[in-house]
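Whatever position you read off the sequence shown (first residue = 1), add 411 for the working numbering.
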Amino acid sequence: MSPDCEAFAREFFTFFGADWHSSAPGRACVTLPSTLADHFGRAELILVFGQDASAGEDLVAPGSRVFEGMVAYLSGRGRCAQFALAGREWPAPAWSAKDGALVELTPEESDRFFWLYDFSLVFDSDERVERLFRVALDEEGRNAPDAWDALETKTLLFQDTVAPPIPPGQRLAEAEYFARLEAERCVPSFERLAHGRLGQTVTRLEAYFRELIEEVPVRVRRGQSYEDALNLASQEQRRLQDELAKRLGEEARRHHLRITVRPLGYATLRVPGRLWRWRLSVRARTRELQAWQSLATGEVEGARCQRCDKEASEWTACRHLHLICGNCSAQCVACHDVLCERELAACFVCGQAFCGECLLQCVNGHPVCREHRVNCACCGQNVCTGCGVMVVNSTGREQWRIAGHTALGSGNG
């Protein structure tokens, strides 16, 4: 909880022009500009996160004075913050082709956008707990937590004139979906705590009212019969029982967990980038290869091998146009064509790797290359030299036969 509050406070104060100085772990001194000083009533704040605040210090936690002051300041501002990372020129990725050629095509400018949202999650029962939750979405609507790290870099620009392709307000429902998932994840633990407190309260109330009910006296007043006095005492006991039921119902409702998801603020982040493109040619087969490079950091997100799912710098394409790295490629011993290594099979006799077009199958189901495939002299079926039997016919000529066929036609010439 404390790191989230500290990150939220740092982003808030530095964005609005305050000077932030971390004085110690979990503490920071903030010098405020005039606009924030008027709002908070002081020109300097000493903030404390996740620990007790001393005199002159301000605790920053959901529900605290400073935290609610930040929320109130944001709620009065309708604009969305637009951040961007500063870019620079970087060389193209040094990629190469194996068993082919790689020709660079014209690159394209390709910025990436992220949408960042802060939420307050309120868990309200007999006790109120508020948590800060933040989520960043990429262009596909997926959770992108790494986008928050960019807000800590020195290359961050606090103003950007490039509008995102989708206004942040239109993606609020997507972000709120993740916030509600987080709230639902926390529900069981809060419900257990609330049920535990309710159980203690119920036990205390039942003991208290039981004692009251047992101590209701039977007072016979002047002119009153004992039966009338007993009825009045019974009525008082029923009234106390009804009061107990009413109090128990009120406590059950008071301990019922209510969840509120409240958006606090949102921003967009633009990461300048470039889309590099190549044409990969292998044995008259061509396909395109792409890589996206961040112009802020120079990091490259390239294609992944369709076999090992790893990034690589040496590429080739198999007969079926699978994009594969050099480690996952292999050549058929017979036709020498490039294939994925797992698309080759070993000959049952010699163990060398062949493609499906260069392998045959013997009568016993063994894959076999053409060199080690023979025909049974008796029936003409394919048989490999590993499971066939060589015999000498009556003329002294050697012949291959399927095992079991050696006795048949042994006298055939």
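Don't be surprised by glycine CBs; every beta carbon is placed ideally from N, CA and C.
For the beta strand (DSSP E) containing residue i, name the first residue and the last one.
| i | result |
| --- | --- |
| Q701 | 696 to 705 |
| G684 | 684 to 693 |
| E566 | Looking at the sequence provided, one finds Thr at residue 566 rather than Glu. It is not in any beta strand (DSSP E) - T566 carries neither H nor E in the DSSP assignment. |
| C719 | Unbroken run through C719: none, as it is neither H nor E. |
| N793 | 793 to 795 |
| E455 | 455 to 459 |
| W860 | Only positions 412 to 824 of the chain appear in this structure, which leaves residue 860 out of reach. |
| P778 | 778 to 780 |
| V749 | 749 to 751 |
| C736 | 734 to 736 |
| S740 | 740 to 742 |
| N786 | 784 to 786 |
| Q493 | 492 to 496 |
Hey, quick one: how far does the alpha helix (DSSP H) through residue i stretch, first residue to last?
| i | result |
| --- | --- |
| R630 | Taken as a continuous stretch (DSSP letters only), R630 belongs to no alpha helix (DSSP H), as it is neither H nor E. |
| F451 | 445 to 451 |
| E661 | 637 to 665 |
| W559 | 558 to 561 |
I need the DSSP call for residue i, collapsed to helix, strand or coil.
| i | result |
| --- | --- |
| T425 | helix |
| D535 | strand |
| L680 | strand |
| N554 | strand |
| A439 | strand |
| L819 | Because L819 carries a pLDDT of 49, less than 50, the predicted location of this residue cannot be relied on, and no value is offered for it. |
| F759 | coil |
| D549 | coil |
| H432 | strand |
| R669 | strand |
| I577 | coil |
| R608 | helix |
| A512 | strand |
Cα separation between residue i and residue j?
| i | j | result |
| --- | --- | --- |
| A707 | A757 | 48 Å |
| A373 | G580 | Given that the chain is displayed from residue 412 to residue 824, the structure contains no residue 373 and the question cannot be resolved. |
| E520 | Q704 | 10 Å |
| L532 | R673 | 6 Å |
| D522 | V573 | 10 Å |
| F419 | Q646 | 59 Å |
| R582 | R553 | 11 Å |
| S650 | H666 | A small fix is needed here, since residue 650 is Arg in this sequence, not Ser. R650 and H666: Cα-Cα distance of roughly 24 Å. |
| V760 | Q772 | 12 Å |
| E722 | H432 | 40 Å |
| T566 | R603 | 45 Å |
| G824 | A728 | Only weak support is given to the placement of G824: the predicted model assigns it a pLDDT of 41, under 50, and the value that follows is read from those uncertain coordinates. Roughly 51 Å between the two C-alpha positions. |
| A505 | G676 | 41 Å |
| D720 | A702 | 15 Å |
| A454 | R476 | 16 Å |
| C769 | E515 | 34 Å |
| E625 | Q648 | 8 Å |
| K509 | R781 | 28 Å |
On a Cα-Cα basis, can you pick out the residue from the options that is closest to residue i?
| i | options | result |
| --- | --- | --- |
| L686 | V441, G474, L447, T517 | T517 |
| Y528 | D415, L616, F765, E712 | D415 |
| G452 | M481, T679, C769, F426 | M481 |
| V774 | V785, R696, D463 | V785 |
| A695 | V749, A702, R665 | V749 |
| E593 | Q652, R542, E617, V744 | R542 |
| P575 | E538, R669, C491, R621 | C491 |
| F427 | C440, E417, S445 | S445 |
| A678 | G709, F569, F589 | F569 |
Q) Quick check: the segment 609 to 620 against the segment 628 to 637, are there 3 or more CB pairs under 8 Å? A) Remark: fewer than three beta-carbon pairs, one from each stretch, lie closer than 8 Å, so the segment 609 to 620 and the segment 628 to 637 are not flagged as touching.
Q: Inspect the CB distances between the segment 708 to 716 and the segment 731 to 745 and report whether three or more fall short of 8 Å.
A: The answer is yes - the segment 731 to 745 touches the segment 708 to 716, with three or more Cβ pairs under 8 Å.
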